[in-house]
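Peer 1:
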Amino acid sequence: MSGDYPKHPFLLTVEETAQALGVDPDKGLSSQQVQQAQEKYPPNEFEVGESVPWYTILSKQLFNAMVLVLVFAMILSFAINDYIEGGVLAFVIVANVTIGFWQEYRAEKQMDALRTLSAPSANVLRDGKTKVIPNAEVVPGDIILLKMGDTVPADMRVFEAMNLSCDEQSLTGEAQPVDKISEANITVPGSDKLATEEGEVGIGDRLNIAYATTIVRKGRGRGIVVATGMQTEVGKIAASTQKKTRKPGRSMNYKKYGKRQPVVGLTKRIYDAVGKFLGLTEGTPLQRKLAALAYVLFGCAIILAIIVFAAHKFDVTGEVIIYAVSLGIAIIPESLVAVLTITMVVAVTVMRKSNVVVRDLSALEALGGVTNICSDKTGTLTQGAMIVRKAWLPFSHTYTVRDSQSPNDPTKGRVTYSEFKEQEVKVEEAPKRDYDQERSAAVLKFDVPEEKLQNKQPAKEPEAENEAEMTPRLKAFLLSSALCNLATVRYDEEEAKWQTTGEPTEIALQIFSHRFKLGKKSLEGLGWKQLAEFPFDSSIKRMSVIYDLPQTNEASDIWGSENSLVFTKGAVERVLDLCSHIGFGDDKVELTEELKEEVLNQMNNLASQGQRVLAVGYRDWNGRFTTKQADVSQEKENALRTEVEQGLTLLGLAGIYDPPRRETKPSIAECSSAGIKVHMLTGDHPETAKAIAKEVGIIPKNLGVLPDALAKSIVQKATDFDKMTDAEIDAMPELPLVIARCAPDTKTRMIDALRRRNAFMAMTGDGVNDAPSLARADVGIAMGSGSDVAKSASKIVLTDDKFNSIVSAIRQGRRMFDNIQKFILHLLSSNVGEVILLCCGLAFRDSADLSVFPISPLEILWINMVTSSFPAFGLGREQAAADVMRKPPQNKKRGVFTNQIIVDMIVYGIIMGALTLATFIIVVYGANGGALGNECNKTFTEACRPVFRARAAVFAELTWIILISAWEFKNLRRSMFRLNPDSKSKFPFFKDVYSNRFLFWAVIIGALSVFPVIYIPTLNTTLFKHIGITWEWGIVVGFTLLYVVGVEAWKFVKRTFNLLDDHQVVKGAFSQGGEDDGRDFKKTITFSSFKSWHSFGRKDTGESTGRRSRSQHRTNTNLSGDTRTGEGSPNNSNEKV
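Residues 1 to 1137 in the UniProt record's numbering are what the sequence shown spells out, letter by letter.
In structure tokens:
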């Protein structure tokens, strides 16, 4: 137990516990106290981890198929007494394993660090301010704030419990959640005696202690941390709880599963062990595919060795073995695994800087194939900085907040009222400047003459608005809004600004009440006492609290003090169904169907302005509410809630506005150009959802541009969607783009519907109830501000909750996918060229009728390990291509080995093999009469000079060809001499190749390294089996240029005839994020509006906005999740708009 306590904290009062730890429960620890505690106590972590041990990483490197080929080659070299080649191979193996081990070890450590960023976090109170910190930074004495869905970060003494219930199954085995209390009146189980010693009460009965790793199932609370890390109850038994689960079918219990089971189980276990050892059953999909490729190439190496033996009639001599070794080395891309590892590490690091934490590497690969994004609205598509824009009180006034430049400052702005009926207003009553309205993307106008705006249909002149004054009706509405609320609002004297905590919607209501000096804290200070709380539930979409009035009867002008009061807020339809009356005071009347219809009309009116509408109601309890909620069992709680939430009186509606983020619409446009359809799944009212969806471009502002059937189904209520059968959903022409009043089950059904249409979806979520859909989606994306349960179910966590971070992650996923294709093509095409050259070389027989290899084993090793590796690393660091978000999503079934990659690999390999073979023939047969010497594969003699010169020429040429290929493969279709289609330079070659400096210098230094390798005496003839050349340089340079011509010609053919094209996404009836009327962007924008647009791009959207103006009119998708492709090639799609 951390800290010095007179007895166990569950036996102490809150004051005694706080005193023992020296903490003020209202302010938390000070920064100095935190620093002292961190020096005194170890981090709040368990000393059991899942990090991959170093020896496992080392074994993976040693027993990689590509390394095994080199090991066999080394053994054969030593077996035939070729100690030089064997020694070099041994050095290469050690170097390859060492480099691979170090890179993968670093990658694992980096992934461990990133996982800690998305690990469960704690909401703590320090220096009087709430902040979110990683669990590991929690120290004894910290004040922790808990809410539903949180993982308790450490053992804590609860001092505030409002309907707080924790799932302690992992600790006690008890499946039923445990209700928590704050009092120190724990009794000995089975008696009424108060406990006085720790041993008298088991951990499961210490109801005022919340234990580390348990999950808050309902309610909220606060507590003081009393134990951390291995001192917690879970920490004490951590070793016994870290049990690995066996895969199904691996049991060997014949009594339970039959006599055959031991054989079946053992076979499957052996398969798992071998597959894990070989890397075929563990790792990401791409890693498994490349591991399989390695073993396929290993098999090919064996087949090629057999071919070499057969060509020599199986007279296996030392020279024949050396030739077979050369072919085996030639077919293996030795540096492929290391390059892949480094590329993934770089991608993860870049994404971390873009506020995207990757928890699972498989998600990094999957991002490139996303076809649909199902996003929440609040805080993701919108700012999450909500403000009460309007409050409608029945039979009274409509209150409007104006000139509020700061949503969290109740002193900014003013509140006016009017009896004017909102539904009669068709245009803004401007010209007064409304700062809140200006925050809405919907009212960002292009420069239109004022007289044209004024010539629109005039609205009925509203009555004059006056400054709001307190009335009994307004006071009742404000009291209900403030007390049925978990948010806190306070003024920080030190920082001279207002600080808020809680959900954005509740903060907005609390701020509105603070404008009239009726904040919750001040009301409770006057004597309002909370008796019970029924928290917000996403299935019923409402929250209720019960309060006793103060004895001083501060509210005597509106309520008497003899009854407790029930306050309820929530979705309008849900609250309205529970109401029997409407209005307040003298205006209170029975709620008729006509009045209900009027309320719904008001709700629709506010919602159509993009406001989230909440209903606020109350009821008088019959006398005092005496039921202790903590004593109510889980089964009876719902019945109690039903009893409380009935016969309510509707006090009014609150219209809360959450402006869209400025970067959202350009990001959605970028998704549209990338063949990705964006769906909005929100709990808001359909009209609110529709208004925001129009503002951000998810649906067109004019639904008339769509076919009737499509326009009717494009926005749906979750209730309507849930009623449909799977067959009815599948029969829809398009899936809804907006689903309102969305429940967790609706999200799961949407995922299933998309999957049946062969879509590959990303799903965002933040709540506990989102966890099933996050786990079920192809790519689950949790919000950084969300619950720990949601984060643990996801593969990616957004630390800033912004939609454009999702788009950035997809862009990085596509960039990584493209780069992997580039370096795989670079490595494997050179292997194909080398294999072709050596296979044809079997025909070159010396005087002893032995094949003379055109390129030696060590030359091949040098090219594969040194020459190819660094340019491949450089290709892995390439920036995203200009059109990376103008192509459809990748085909997940094909992966990186698309038709284009396979055909290009063969074509470029044939060109390499043909040119190098021609070089060898010209030097040996053209200039030296075919003199192949004797035993030229072993030693250098004068008779072997022509062969050695030919090898030097082939080595230099192949090296330069492979290096120049790296520049060519920067884009698989565009010319190396104009990689950027938007460049205005006449000859941008040098600028383009220098843009990736690592790759540039890898090519330059690699090209220069040829000279010392060829000319250093002894080293050249003894190790590499070549010698210095003179006139042959002309052939080397000429054929290298001829290779460039060949590659450029093949690219030209692909572009001209649209061969092997990914195809571009083509326009449909509506482009998400674009303009509805189809007008060209440059014709409608003016200079002043351009400045505003330009600031969006520079500040918020990064690459997305910069590309949007070029791409939005080029490409599109239809309204379904299916991508429609056209015949345009990348070069044709880059026409100017």
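All C-beta atoms in this analysis are idealised placements derived from N, C-alpha and C, irrespective of residue type, glycine included.
For residue 814 and residue 369, I'd like the C-alpha separation in whole angstroms.
Peer 2: Numbered from its first residue, the sequence shown carries residue 814 at position 814. Numbered from its first residue, the sequence shown carries residue 369 at position 369. Approximately 8 Å between the Cα atoms of the pair.
Peer 1: Less than 6 Å between C-beta atoms, sequence neighbours within five positions excluded: which residues of the same chain meet that for residue 842?
Peer 2: Here residue 842 refers to the residue found at position 842 of the sequence shown. Cβ neighbours of residue 842 beyond the five flanking positions: 311 and 851.
Peer 1: Excluding the five sequence neighbours on either side, which residues of its own chain have a C-beta within less than 7 Å of the C-beta of residue 358, listed in chain order?
Peer 2: Locating residue 358 in the sequence shown gives position 358, counting from the first residue. Counting only Cβ-Cβ distances below 7 Å, and skipping sequence neighbours, we find 114, 348, 351, 364 and 796.
Peer 1: By the DSSP assignment, the beta strand (DSSP E) with residue 612 in it spans what residues?
Peer 2: The residue you call residue 612 lines up with position 612 of the sequence shown. Looking at the DSSP string, the run of the beta strand (DSSP E) that includes residue 612 is 611-620.
Peer 1: Look at the Cβ atom of residue 607, then the Cβ atom of residue 613, and state whether they are nearer than 8 Å.
Peer 2: Position 607 of the sequence shown, counted from the first residue, corresponds to residue 607. Position 613 of the sequence shown, counted from the first residue, corresponds to residue 613. Going by C-beta atoms, residue 607 is nearer than 8 Å to residue 613.
Peer 1: Spatial neighbours of residue 506 within its chain, please: CB distance less than 7 Å, with the 5 preceding and 5 following residues excluded, ordered by chain position.
Peer 2: For this step, residue 506 is matched to residue 506 along the sequence shown. In its chain, beyond the 5 residues on either side, 485, 486 and 487 have a beta carbon closer than 7 Å to the beta carbon of residue 506.
Peer 1: Roughly how many angstroms lie between the CA atoms of residue 524 and residue 475, to the nearest whole one?
Peer 2: Locating residue 524 in the sequence shown gives position 524, counting from the first residue. Locating residue 475 in the sequence shown gives position 475, counting from the first residue. Looking at the two C-alpha atoms, the distance is approximately 16 Å.
Peer 1: Just checking, does the segment 96-104 make contact with the segment 119-135 on the three C-beta pairs under 8 Å criterion?
Peer 2: No contact exists between the segment 96-104 and the segment 119-135.
Peer 1: From residue 4 to residue 577, what distance separates their C-alpha atoms?
Peer 2: Counting from one through the sequence shown, the residue named residue 4 turns up at place 4. Counting from one through the sequence shown, the residue named residue 577 turns up at place 577. If you take the alpha carbons of residue 4 and residue 577, they lie about 54 Å apart.
Peer 1: Tell me the residue span of the alpha helix (DSSP H) that contains residue 41.
Peer 2: As a first step, residue 41 must be located in the sequence shown, where it is residue number 41. Element bounds for residue 41: n/a, residue is neither H nor E.
Peer 1: With a Cβ-Cβ cutoff of 8 Å, do residue 355 and residue 865 count as a contact?
Peer 2: Walking along the sequence shown from the start, residue 355 turns up at place 355. Walking along the sequence shown from the start, residue 865 turns up at place 865. Cβ distance not < 8 Å, so residue 355 and residue 865 don't count as in contact.
Peer 1: By how many angstroms is the C-alpha of residue 361 removed from the C-alpha of residue 109?
Peer 2: Numbered from its first residue, the sequence shown carries residue 109 at position 109. Numbered from its first residue, the sequence shown carries residue 361 at position 361. One C-alpha to the other measures close to 14 Å.
Peer 1: Can the beta-carbon of residue 202 be found less than 8 Å from the beta-carbon of residue 164?
Peer 2: As a position in the sequence shown, residue 202 is number 202, starting the count at 1. As a position in the sequence shown, residue 164 is number 164, starting the count at 1. No. Outside cutoff.
Peer 1: Note down the Cα distance separating residue 984 from residue 285, rounded to an integer number of angstroms.
Peer 2: Reading the sequence shown from its first residue, position 984 is the one you call residue 984. Reading the sequence shown from its first residue, position 285 is the one you call residue 285. For residue 984 and residue 285, the distance between alpha carbons rounds to 41 Å.
Peer 1: Looking at residue 154: is its Cβ nearer than 8 Å to the Cβ of residue 138?
Peer 2: Here residue 154 refers to the residue found at position 154 of the sequence shown. Here residue 138 refers to the residue found at position 138 of the sequence shown. Yes, the Cβ-Cβ distance between residue 154 and residue 138 is below 8 Å.
Peer 1: Could you give the distance in angstroms between the alpha-carbon of residue 995 and the alpha-carbon of residue 948?
Peer 2: For the purposes of this step, residue 995 is taken as residue 995 along the sequence shown, with counting starting at 1. For the purposes of this step, residue 948 is taken as residue 948 along the sequence shown, with counting starting at 1. Each residue's Cα considered, the two are about 38 Å apart.
Peer 1: Have a look at 837, 394 and 755 and flag the residue whose alpha-carbon is nearest the alpha-carbon of residue 595.
Peer 2: Start at 1 with the first residue of the sequence shown, and residue 595 comes out as number 595. Ranking 837, 394 and 755 by Cα distance to residue 595 puts 394 first.
Peer 1: Answer yes or no: do residue 916 and residue 957 have a C-beta to C-beta separation smaller than 8 Å?
Peer 2: Against the sequence shown, residue 916 aligns to sequence position 916. Against the sequence shown, residue 957 aligns to sequence position 957. Yes, these two residues count as a Cβ contact at 8 Å.
Peer 1: Between the beta-carbon of residue 539 and the beta-carbon of residue 743, is there less than 8 Å?
Peer 2: The residue you call residue 539 lines up with position 539 of the sequence shown. The residue you call residue 743 lines up with position 743 of the sequence shown. Yes; because the gap between Cβ atoms is below 8 Å, this pair is in contact.
Peer 1: Distance, Cα to Cα, residue 643 vs residue 654?
Peer 2: Mapped onto the sequence shown, residue 643 falls at position 643. Mapped onto the sequence shown, residue 654 falls at position 654. The alpha-carbon of residue 643 is positioned some 25 Å away from that of residue 654.
Peer 1: Contact check, residue 567 vs residue 480 under 8 Å by CB: the rounded distance?
Peer 2: As a first step, residue 567 is located in the sequence shown; it is residue number 567 there, counting from the start. As a first step, residue 480 is located in the sequence shown; it is residue number 480 there, counting from the start. So it is a contact: roughly 4 Å between Cβ atoms.
Peer 1: Spatial neighbours of residue 800 within its chain, please: CB distance less than 7 Å, with the 5 preceding and 5 following residues excluded, ordered by chain position.
Peer 2: For the purposes of this step, residue 800 is identified with residue 800 of the sequence shown, where counting begins at 1. Closer than 7 Å at Cβ, skipping near neighbours: 355 and 784.
Peer 1: Pull up the distance between the alpha-carbon of residue 424 and that of residue 572, whole angstroms please.
Peer 2: Mapped onto the sequence shown, residue 424 falls at position 424. Mapped onto the sequence shown, residue 572 falls at position 572. Note that residue 424 has pLDDT 41, beneath the 50 cutoff, so the model's placement of it is unreliable and the number below is only indicative. Going from the Cα of residue 424 to the Cα of residue 572 covers about 21 Å.
Peer 1: Going by beta carbon distance, what residues of the same chain come within less than 6 Å of residue 847, once the five residues before and after it are set aside?
Peer 2: As a position in the sequence shown, residue 847 is number 847, starting the count at 1. 934, listed in sequence order.
Peer 1: I want to know whether the segment 382-401 touches the segment 650-668 - three or more CB-CB distances under 8 Å.
Peer 2: yes
Peer 1: Do residue 627 and residue 640 have their C-beta atoms within less than 8 Å of each other?
Peer 2: For this step, residue 627 is matched to residue 627 along the sequence shown. For this step, residue 640 is matched to residue 640 along the sequence shown. Contact flag set, yes.
Peer 1: Rounded C-beta distance between residue 68 and residue 298? I'm assuming under 8 Å.
Peer 2: Position 68 of the sequence shown, counted from the start, is the residue given in the question as residue 68. Position 298 of the sequence shown, counted from the start, is the residue given in the question as residue 298. That pair is a contact at about 7 Å.
Peer 1: Based on Cα-Cα distance, which residue from 724, 499 and 1054 lies nearest to residue 749?
Peer 2: The residue given as residue 749 occupies position 749 in the sequence shown. Of 724, 499 and 1054, the residue nearest in Cα terms is 724.
Peer 1: Please classify residue 967 as buried or exposed, where buried requires at least 16 other C-beta atoms within 10 Å of its C-beta.
Peer 2: Taking the sequence shown and counting its residues from 1, one reaches residue 967 at position 967. Buried is the call here.
Peer 1: Per DSSP, which residues does residue 717 bridge with? Please list them.
Peer 2: Here residue 717 refers to the residue found at position 717 of the sequence shown. Paired residues: 740.
Peer 1: Please state whether DSSP places residue 1131 in a helix, a strand or coil.
Peer 2: Residue numbering aside, residue 1131 sits at position 1131 when the sequence shown is read from its first letter. Reliability of the predicted coordinates at residue 1131 is poor, the pLDDT of 37 falling under 50, and the value obtained from them is presented with this limitation in mind. In this structure, residue 1131 counts as coil in the three-state DSSP scheme.
Peer 1: Taking all protein chains shown into account, do 16 or more other C-beta atoms lie within 10 angstroms of the C-beta of residue 467, making it buried, or fewer, making it exposed?
Peer 2: To locate residue 467, count along the sequence shown from 1; it is residue 467. So residue 467 counts as exposed.
Peer 1: What number of angstroms, rounded off, separates the C-alpha of residue 445 from the C-alpha of residue 662?
Peer 2: Against the sequence shown, residue 445 aligns to sequence position 445. Against the sequence shown, residue 662 aligns to sequence position 662. Low confidence applies here, because residue 445 scores a pLDDT of 39, under 50, leaving its location unreliable; read the following figure in that light. Rounded to the nearest angstrom, the two C-alpha atoms are 14 Å apart.
Peer 1: Rounded to whole angstroms, what's the CA-CA distance from residue 208 to residue 186? Just pull it up for me.
Peer 2: As a position in the sequence shown, residue 208 is number 208, starting the count at 1. As a position in the sequence shown, residue 186 is number 186, starting the count at 1. Computed Cα separation, rounded: 8 Å.
Peer 1: CB residue 751 to CB residue 773, shorter than 8 Å?
Peer 2: Counting from 1 along the sequence shown, the entry for residue 751 is found at position 751. Counting from 1 along the sequence shown, the entry for residue 773 is found at position 773. Yes, the Cβ-Cβ distance between residue 751 and residue 773 is below 8 Å.
Peer 1: Round the Cβ separation of residue 825 and residue 904 to the nearest angstrom and send it over; I've been treating them as touching at under 8 Å.
Peer 2: Mapped onto the sequence shown, residue 825 falls at position 825. Mapped onto the sequence shown, residue 904 falls at position 904. Rounded, the Cβ-Cβ distance is 6 Å, consistent with contact.
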